[in-house]
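Notes to accompany the following structure.
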Amino acid sequence: MSVSVLAPSGTVGSQGWALEQVMAATAFGAEACIAPFEDEHLPVLADECRVVLVRNGPDLAALSAVLNAPGLIGKRRILALSERGCDIGPEALGLFACADMVLLDQACVARLFAFEREPQTLDELMVLRSVLTLTNQAAVVTLATGGAIAIWADRSLESVPVERQEARVTADPFCGIVAACVDLGIGPEPALRYALAGRTMVGAGARGARHFPSRAALDAERDERGG
1113 MSVSVLAPSG TVGSQGWALE QVMAATAFGA EACIAPFEDE HLPVLADECR VVLVRNGPDL
1173 AALSAVLNAP GLIGKRRILA LSERGCDIGP EALGLFACAD MVLLDQACVA RLFAFEREPQ
1233 TLDELMVLRS VLTLTNQAAV VTLATGGAIA IWADRSLESV PVERQEARVT ADPFCGIVAA
1293 CVDLGIGPEP ALRYALAGRT MVGAGARGAR HFPSRAALDA ERDERGG
């Protein structure tokens, strides 16, 4: 089993988001690698690859072609929607039909559905059910409060924030840990707990390199908090 982070060739670099997602997934305990692609041409993925993770870019048509590529049949496709480097609007809603799980935040939801303000409640976020058309498809929304809500066609799950006020919260480690949990067969509730905690425990290592928490470190942190 392994995780492949699909990234346009031009974005693969020492400071790239794809590298952070791979490092977070690897630190957690999954085998992960970057799979660069050109336009809609998907690289050949290893047979043991079970999960693919990709972030949106400005070329939505190419991204749709990649997510629907024959090489991804049978693999769990996770799409991370971000406003960094591109505009998100209602035209991106079509990407939901290409992914088994979509990760996004409240601001993205507002842009996708042309809301005047960011949705704040579970009831407001239920609009996402209108674009969940695949079997067991989920949308996971990270909240400004530090928590997250996962929504399926028939159920939902709320996860409370982790209290680490001094930490820098980043999105890419969250995505990497979620992908690792899917690959390792960890259920939705603990996966959200791990990912929310993990994104607050990213630190600086030797020579300024980023340090990402292991699953054991996250378990130890949870035990220390008493929950």
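Numbering (the numbering used here), first residue to last: 1113 to 1339.
Glycine residues also receive a C-beta, built at the ideal position from the N, C-alpha and C atoms.
The structure presented is a predicted model; accordingly, all values stated were derived computationally and were not measured.
Is DSSP giving Glu-1150 helix, strand or coil here?
strand
Got a sec? Which residues, its chain only, sit under 8 Å from Ser-1176 by beta carbon, not counting five neighbours each side?
Gly-1206, Leu-1207, Cys-1210
By Cβ distance, which residues of its chain are closer than 6 Å to Trp-1264, with the 5 residues on each side in sequence left out?
Ala-1250
Under the assumption that Ala-1144 contacts Val-1166 (Cβ atoms under 8 Å), give the Cβ distance between them as a whole number of angstroms.
No, Ala-1144 and Val-1166 are not in contact; Cβ-Cβ is about 13 Å, not under 8 Å.
Are the CB atoms of Met-1313 and Pro-1325 within a distance shorter than 8 Å?
For Pro-1325 and Met-1313, yes; Cβs fall inside 8 Å.
Could you work out which residue in Ser-1114, Met-1238, Ala-1307 is closest to Pro-1285 when comparing CA atoms only?
Selected option, being the one with the closest Cα: Ala-1307.
Using DSSP bridges, identify the partner residues of Thr-1254.
Asp-1217, Ala-1260
Tell me which same chain residues have a C-beta within less than 6 Å of the C-beta of Pro-1273, skipping the five on either side of it?
For Pro-1273, the CB contacts under 6 Å within the same chain, skipping 5 residues up- and downstream, are Thr-1257, Gly-1258, Gly-1259 in chain order.
Just tell me which of Ile-1190, Arg-1223, Gly-1310 has its CA closest to the CA of Ala-1332.
Closest by C-alpha distance to Ala-1332, out of Ile-1190, Arg-1223, Gly-1310, is Gly-1310.
Starting from Pro-1120, trace the alpha helix (DSSP H) in both directions and tell me its first and last residue.
Unbroken run through Pro-1120 is the beta strand (DSSP E), 1114-1120; no alpha helix (DSSP H).
Under the three-state reduction of DSSP, which class applies to Ala-1181: helix, strand or coil?
Looking at Ala-1181 - three-state DSSP - the assignment turns out to be coil, as it is neither helix nor strand.
Out of curiosity, what's the CA-to-CA distance linking Ala-1192 and Leu-1237?
17 Å
Relative to the C-alpha of Pro-1120, which candidate in Thr-1138, Ala-1137, Ala-1147, Val-1134 has its C-alpha closest?
The shortest Cα separation from Pro-1120 among Thr-1138, Ala-1137, Ala-1147, Val-1134 belongs to Ala-1147.
Excluding five sequence neighbours on each side, which residues of the same chain lie with their C-beta closer than 6 Å to the C-beta of Val-1294?
Val-1163, Arg-1188
Reducing DSSP to helix, strand and coil, say where Ala-1332 ends up.
helix
Within its chain, find whatever has a CB closer than 6 Å to the CB of Arg-1280; leave out the 5 residues flanking it on each side and keep chain order.
The predicted position of Arg-1280 is uncertain, since its pLDDT is 45 and thus under 50; a value taken from the coordinates is nonetheless stated next. No residues qualify anywhere along the chain.
Specify the secondary structure class of Arg-1337 as computed by DSSP and reduced to three states.
In the structure shown, Arg-1337 sits in a helix (DSSP, three-state: H, G or I).
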